[in-house]
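First comes the structure, then the notes that go with it.
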Amino acid sequence: MTARPTTNVLLTGVGGQGVVLASYVLSQVAMSEGYDVKQSEVHGMAQRGGSVTSHFRFGDKVWSPLVPAGTADLLMAFEALEGLRYVNQLKPGGVLVYNALRINPSPVSAGLATYPEDVDGLIKAAWPNVKCVNANELAAKAGTVKAANVAMLGAISPTLPFAPETWEAVIRKAVPPKTIDVNLEAFRLGAAVANEPTGDCKTG
Amino acid sequence: MTKKVETQEAVEILSGNEAIARGAWEAGVKLAAAYPGTPSTEILEAMAGYEGVYCEWSPNEKVAMEVGIGASMAGGRALVCMKHVGLNVAADPFFSSSYVGSEAGLVVVSSDDPGMHSSQDEQDNRNYARFTRVPLLEPSDSGEAKEFMIAAYELSERFDTPVLFRTTTRTSHSKSLVKLGERNAPRPVTELKRDITKYLMMPANATIRHPLVEQRVLDLAEYAEDCPFNRVEMGDTRVGIVTSGAIYGYAREAVPDASFLKLGLTFPLPKKLIADFRAKVDKLYVVEESDPFLEEAIRLMGIQIDGGKELNTLLGELNARSVAESLAKAGVPGVNPDLLAELGPVPRDLPSRPPTFCPGCSHRGLFVVLKKLRLFVSGDIGCYTMGSLPPYNAVHCSTCMGASISMAHGMAKVLDPPAEGAKPDLRQTPIGIIGDSTFFHSGITSLMDVVYNGGKTLNIIVDNSTTAMTGGQENPGTGKTLLGEPSATVDIPALCAALGIKRVTTIDPYDLEETERVLREELASGELSVVIAKAPCVLQYKIRKPVFVIDAEACIGCKRCLQAGCGALNLYDDANGDRKVEINPVDCAGCGVCSQLCKEGAITRSVPAEGKVS
Numbered sequence: 001m002t003a004r005p006t007t008n009v010l011l012t013g014v015g016g017q018g019v020v021l022a023s024y025v026l027s028q029v030a031m032s033e034g035y036d037v038k039q040s041e042v043h044g045m046a047q048r049g050g051s052v053t054s055h056f057r058f059g060d061k062v063w064s065p066l067v068p069a070g071t072a073d074l075l076m077a078f079e080a081l082e083g084l085r086y087v088n089q090l091k092p093g094g095v096l097v098y099n100a101l102r103i104n105p106s107p108v109s110a111g112l113a114t115y116p117e118d119v120d121g122l123i124k125a126a127w128p129n130v131k132c133v134n135a136n137e138l139a140a141k142a143g144t145v146k147a148a149n150v151a152m153l154g155a156i157s158p159t160l161p162f163a164p165e166t167w168e169a170v171i172r173k174a175v176p177p178k179t180i181d182v183n184l185e186a187f188r189l190g191a192a193v194a195n196e197p198t199g200d201c202k203t204g
Numbered sequence: 205m206t207k208k209v210e211t212q213e214a215v216e217i218l219s220g221n222e223a224i225a226r227g228a229w230e231a232g233v234k235l236a237a238a239y240p241g242t243p244s245t246e247i248l249e250a251m252a253g254y255e256g257v258y259c260e261w262s263p264n265e266k267v268a269m270e271v272g273i274g275a276s277m278a279g280g281r282a283l284v285c286m287k288h289v290g291l292n293v294a295a296d297p298f299f300s301s302s303y304v305g306s307e308a309g310l311v312v313v314s315s316d317d318p319g320m321h322s323s324q325d326e327q328d329n330r331n332y333a334r335f336t337r338v339p340l341l342e343p344s345d346s347g348e349a350k351e352f353m354i355a356a357y358e359l360s361e362r363f364d365t366p367v368l369f370r371t372t373t374r375t376s377h378s379k380s381l382v383k384l385g386e387r388n389a390p391r392p393v394t395e396l397k398r399d400i401t402k403y404l405m406m407p408a409n410a411t412i413r414h415p416l417v418e419q420r421v422l423d424l425a426e427y428a429e430d431c432p433f434n435r436v437e438m439g440d441t442r443v444g445i446v447t448s449g450a451i452y453g454y455a456r457e458a459v460p461d462a463s464f465l466k467l468g469l470t471f472p473l474p475k476k477l478i479a480d481f482r483a484k485v486d487k488l489y490v491v492e493e494s495d496p497f498l499e500e501a502i503r504l505m506g507i508q509i510d511g512g513k514e515l516n517t518l519l520g521e522l523n524a525r526s527v528a529e530s531l532a533k534a535g536v537p538g539v540n541p542d543l544l545a546e547l548g549p550v551p552r553d554l555p556s557r558p559p560t561f562c563p564g565c566s567h568r569g570l571f572v573v574l575k576k577l578r579l580f581v582s583g584d585i586g587c588y589t590m591g592s593l594p595p596y597n598a599v600h601c602s603t604c605m606g607a608s609i610s611m612a613h614g615m616a617k618v619l620d621p622p623a624e625g626a627k628p629d630l631r632q633t634p635i636g637i638i639g640d641s642t643f644f645h646s647g648i649t650s651l652m653d654v655v656y657n658g659g660k661t662l663n664i665i666v667d668n669s670t671t672a673m674t675g676g677q678e679n680p681g682t683g684k685t686l687l688g689e690p691s692a693t694v695d696i697p698a699l700c701a702a703l704g705i706k707r708v709t710t711i712d713p714y715d716l717e718e719t720e721r722v723l724r725e726e727l728a729s730g731e732l733s734v735v736i737a738k739a740p741c742v743l744q745y746k747i748r749k750p751v752f753v754i755d756a757e758a759c760i761g762c763k764r765c766l767q768a769g770c771g772a773l774n775l776y777d778d779a780n781g782d783r784k785v786e787i788n789p790v791d792c793a794g795c796g797v798c799s800q801l802c803k804e805g806a807i808t809r810s811v812p813a814e815g816k817v818s
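Shown next, in the form of structure tokens:
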């Protein structure tokens with residue numbers, strides 16, 4: 001078998017969006033497929049509406065848990081502004097998949113700062129290789145908006161070399177038993193959209 | 205204990221903290237004690253999930269350390285965990301434990317926080333090992349965390365010493381593969397050994413112990429030469445890198461083909477091993493985060509170093525890229541070029557996204573009032589420290605756990621009284637504010653000080669019945685232990701009364717009018733006063749009430765409600781271009797603080813026709 005180099009995935013979003021669970025699913029999937037895995041996030045303030053990032057890396061041998069700046073193969077943003085904020089973490093040719101969702105940071109809610117007017121346009125201008133998904137809408141269609149994180153996993157699944165059965169087996173174990181069907185449906189809807197061309201996205 | 209027959213080696217992805225708990229369990233630990241603190245908290249949470257280990261949240265790190273020393277002295281292997289600053293609190297017993305040694309293995313985990321993701325400083329606790337003369341282990345990932353933990357107990361018993369086990373945020377909170385093993389049954393503990401000269405540290409006995417402690421350092425240094433955790437990995441002999449902990453991974457990525465001396469036991473250091481490595485390479489670099497801890501020790505050995513702290517900063521965290529850049533700048537050959545590529549521009553002027561009080565948080569109403577009263581608020585450590593952020597800007601100092609009350613007392617004692625006949629100036633009035641868990645941790649003695657020494661300050665205890673900032677741990681006020689057992693609940697008003705405080709009032713912090721009235725009354729009394737703002741944490745207790753809605757017709761866009769600083773409120777422009785505020789019903793927890801701020805009566809609770817919670 002030829003050596004499999006380390007693949008770098010950076011997940012970004014807002015506390016409470018399920019970024020950490022998504023990262024957990026990714027690492028379980030990669031481990032199930034026989035890869036070495038390292039994953040990292042910062043706890044503590046994550047539940048309080050702050051910016052959240054999680055690093056996920058897999059390959060034959062992964063030395064450290066952090067995706068070095070400018071080397072991400074995939075940036076998975078659960079909120080549009082948090083995608084824009086981290087575009088320069090991608091390596092040339094890297095892919096940004098973002099959720100067309102706006103969550104106001106607290107300074108915006110307090111009227112002390114403004115959310116970028118045309119965040120979709122800014123993202124497009126900042127990075128050539130972008131895929132936009134309405135993960136919250138897909139999750140709502142599946143049964144609950146809470147499964148948006150799993151819809152995002154569906155949306156990025158074609159960019160990673162893991163088998164659909166592995167994804168499904170891990171999701172079954174990772175989510176609360178009552179929500180398995182809803183989450184699997186959210187994953188499928190996300191994966192289906194991933195293969196469609198990106199239309200015009202309107203974050204709202 | 206039943207022995208499982210396993211044909212296949214079990215492997216799991218664990219965080220460093222989970223791996224530490226696993227290692228301690230496999231090592232046959234009988235007791236584990238801690239006070240929650242990021243990034244160490246999950247160790248005890250994971251530990252509590254294992255059978256056969258008594259686990260407790262102690263009210264503070266000093267107590268946890270003493271509980272651990274007692275267990276070890278009695279003959280049970282013990283684990284004590286804390287964040288870096290927690291070791292400052294526990295330093296007193298920790299220093300003495302070095303002299304006392306360990307009857308059964310005693311391991312102290314210090315989780316440091318370079319980069320201060322959730323801390324007030326970035327002290328490098330490796331220095332405590334040299335200071336207390338105890339061995340120091342530093343794992344690089346979760347797999348090592350588990351293996352090192354098992355070895356730590358053997359080391360502790362073999363050398364009759366507590367062991368300092370140091371992680372950082374990146375080793376504690378990163379996940380990697382861990383091979384699982386079986387538990388070694390703890391040995392029975394049936395007899396308290398009496399050995400006064402060893403276990404009772406008074407001058408005559410400590411004088412006997414100290415030379416043994418110094419001899420122990422020499423013995424450990426000899427052991428370090430052959431310790432399997434100190435490992436040479438020869439590659440390109442032009443570059444030798446000495447490193448430890450998470451930094452090892454960064455260095456491996458930065459200069460993949462270099463030669464490495466990877467140290468797992470970092471105090472005391474193996475002089476011969478380092479000198480031999482030095483002799484095999486053309487240039488020697490020490491790559492470490494925070495303090496030049498390894499570098500200074502190596503230089504003191506008289507070993508020449510070609511690059512150390514002058515290449516890598518004392519500040520914040522290192523990463524693979526920063527290590528690559530610094531070594532490339534120093535002319536090191538073989539640096540990974542992917543890590544040197546220029547970064548694209550960061551989009552400018554993006555709004556930051558700081559953490560904030562959750563929608564419905566019981567602290568919000570209180571800080572709206574404190575902002576209005578313009579008091580000088582001496583704060584403490586917990587979610588309520590965020591009262592210092594906009595739009596409140598209503599906490600003005602905070603140094604460490606428990607300091608709010610004592611610092612306000614110190615301020616009040618040196619403030620000159622207002623000129624005769626002048627009205628008291630609230631801006632020049634220091635008050636203390638402290639959370640329930642922090643009060644139990646080290647606020648009680650501060651309050652005792654104020655009573656005893658005739659202080660007249662106002663002190664607010666924000667009691668949300670949990671240790672919220674670290675994720676909602678039980679504490680002596682919640683009526684439950686870490687292991688889920690019901691327990692005695694500290695009655696805070698009764699405790700204050702017992703300390704001798706006459707004015708103790710409990711308020712509902714969601715009621716802005718009442719909160720303001722009581723605070724003004726207590727300030728006017730000129731007496732020592734405790735106000736308990738009591739309301740459970742909405743996040744921990746999952747409290748949601750019917751949401752509020754804003755009548756767009758009635759909203760005049762005055763933004764008064766935004767003083768609440770609530771993430772459920774959003775400014776928008778309506779079809780006519782008029783500025784309005786709306787409430788996001790998904791986020792709103794129905795606390796009603798914003799509606800009390802609205803002078804137009806535009807914000808009301810939406811109760812569905814059937815009266816159900818929406």
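So the sequences go chain by chain: A and B. Residue numbers for the first sequence follow the working numbering, beginning at 1 and rising by one. Residue numbers for the second sequence follow the working numbering, beginning at 205 and rising by one. We put the beta carbon where it would ideally sit given N, CA and C, even for glycine.
Would you mind stating whether B/Ala268 and B/Ala238 have Cβ atoms separated by less than 7 Å?
-> Yes.
Between B/Lys379 and chain A, is there a C-beta pair that is closer than 7 Å?
-> Yes - at least one Cβ of chain A is within 7 Å of the one on B/Lys379.
Enumerate in chain order the residues of its own chain whose CB-to-CB distance from A/Gly13 is below 7 Å, with the five nearest sequence positions on each side excluded.
-> Excluding residues within five positions, the ones whose Cβ falls inside 7 Å are Val19, Val52, Ala77, Phe78, Glu79, Glu82.
Compute the Euclidean distance between the alpha carbons of A/Trp127 and A/Leu10, then round it to the nearest angstrom.
-> Those two C-alpha atoms are separated by around 15 Å.
Same chain only: Cβ atoms within 7 Å of B/Phe644, ignoring 5 sequence neighbours per side = Cβ neighbours of B/Phe644 beyond the five flanking positions: Pro263, Asn679, Pro680, Gly681, Val694.
Within the stretch 720-770 of chain B, note down every full beta strand (DSSP E) run reaching 3 residues or more, in order along the chain.
-> Fully enclosed beta strand (DSSP E) runs of 3 or longer: 733-738, 752-754.
Give a yes or no on whether the C-beta atoms belonging to B/Lys287 and B/Ser315 are separated by under 7 Å.
-> A Cβ-Cβ contact shorter than 7 Å links B/Lys287 with B/Ser315.
Where DSSP assigns a beta bridge to A/His55, which residues make up the other side?
-> In DSSP, A/His55 forms a bridge with A/Leu10, A/Ser40.
Do the stretch 405-421 of chain B and the stretch 318-330 of chain B touch if we need at least three Cβ pairs shorter than 8 Å?
-> Result no; under three Cβ-Cβ pairs closer than 8 Å.
Apply the 10 Å Cβ neighbour rule to B/Gly253 and answer buried if 16 or more other Cβ atoms are within range, or exposed otherwise.
-> Residue environment: B/Gly253 is assigned as exposed (fewer than 16 neighbouring CB atoms within 10 Å of its CB, all protein chains considered).
According to DSSP, which residues form a beta bridge with B/Tyr258?
-> Note: B/Tyr258 sits in a beta bridge opposite B/Leu235.
Hey, is the stretch 100-118 of chain A in contact with the stretch 768-782 of chain B, meaning 3+ C-beta pairs nearer than 8 Å?
-> Yes, the stretch 100-118 of chain A touches the stretch 768-782 of chain B.
Can you name the start and end residues of the beta strand (DSSP E) that B/Met277 belongs to?
-> Going by DSSP, B/Met277 is part of no beta strand (DSSP E) but of the alpha helix (DSSP H) stretching over 265-278.
Give the straight-line distance between the Cα atoms of B/Gly449 and B/Ala214, rounded to the nearest whole angstrom.
-> The straight-line gap from Cα to Cα measures roughly 25 Å.
Enumerate in chain order the residues of its own chain whose CB-to-CB distance from B/Gly506 is below 6 Å, with the five nearest sequence positions on each side excluded.
-> Here the set comprises nothing.
From which residue to which residue does the alpha helix (DSSP H) around B/Ile509 run?
-> Per DSSP, B/Ile509 is not a residue of any alpha helix (DSSP H), being assigned neither H nor E.
Who does B/Cys177 pair with in a DSSP beta bridge?
-> With chain B represented from 205 up to 818, any question about residue 177 of chain B goes unanswered, as that position is not in the structure.
Going straight from the alpha carbon of B/Thr375 to that of A/Ala72, what length do you get?
-> Spanning the two alpha carbons is a distance of roughly 21 Å.
Short check: CB of B/Ala739 to CB of B/Ser526, under 7 Å?
-> Taking C-beta atoms as the reference points, B/Ala739 and B/Ser526 fail to come closer than 7 Å.
Compute the distance between the beta-carbons of A/Thr203 and A/Val133, then report whether it is under 7 Å.
-> Contact: no.
Test: B/Ile217 CB closer than 7 Å to a CB of chain A = Interface with chain A (7 Å Cβ-Cβ cutoff): B/Ile217 is included.
Determine which residues share a DSSP beta bridge with B/Asp667 and list them.
-> DSSP lists B/Lys738 as partners of B/Asp667.
CA-to-CA distance, B/Leu619 to B/Ile609, given in whole angstroms = Rounded to whole angstroms, B/Ile609 and B/Leu619 show a C-alpha spacing of 16 Å.
Excluding the 5 residues preceding and the 5 following B/Ala616 in the sequence, name in chain order all residues of the same chain whose CB lies nearer than 7 Å to its CB.
-> Excluding the 5 residues flanking it on each side, B/Ala616 has same chain C-beta neighbours closer than 7 Å at Pro634, Gly659, Lys660, Thr661, in chain order.
Since A/Ser51 meets chain B, which of its residues come closer than 9 Å, beta carbon to beta carbon?
-> For A/Ser51, the chain B residues whose C-beta falls within less than 9 Å of its own C-beta are Ser556, Arg557, Pro558, Pro559, listed in chain order.
So, using beta-carbon positions, are B/Tyr489 and B/Gly520 closer together than 7 Å?
-> It is not a contact, given that the beta carbons lie outside the stated cut-off.
Proximity test, Cβ basis, 7 Å: B/Asn663 and chain A | False, the Cβ-Cβ gap to chain A never drops below 7 Å.
Smallest Cα separation from B/Leu467: which of B/Arg442, B/Ala425, B/Arg783, B/Ala294?
-> Ranking B/Arg442, B/Ala425, B/Arg783, B/Ala294 by Cα distance to B/Leu467 puts B/Ala425 first.
Proximal chain B residues relative to A/Ser40, where beta-carbon distance stays under 8 Å = One finds Arg374, His377, Ser378, Lys379 in chain B with Cβ atoms closer than 8 Å to the Cβ of A/Ser40, taken in chain order.
When burial is assigned at 16 or more other CB atoms within 10 Å of the CB, is B/Glu249 buried or exposed?
-> Buried, by the Cβ-count rule.
7 Å Cβ cutoff met for A/Tyr35 and A/Phe56 | No.
In chain B, what lies closer than 9 Å to A/Asp36 by C-beta?
-> Below the 9 Å Cβ cutoff, chain B contributes Ser380, Leu381 as neighbours of A/Asp36, in chain order.
Give the range of the alpha helix (DSSP H) segment to which B/Asp653 is assigned.
-> Annotation for B/Asp653: the continuous alpha helix (DSSP H) segment containing it runs 648-656.
At what residues does the beta strand (DSSP E) containing B/Glu195 begin and finish?
-> Residue coverage of chain B in this structure runs from 205 to 818, which leaves residue 195 of chain B outside it and unanswerable.
Sufficient close CB pairs (3 or more, under 8 Å) joining the stretch 304-313 of chain B to the stretch 349-366 of chain B | Segments in contact, yes.
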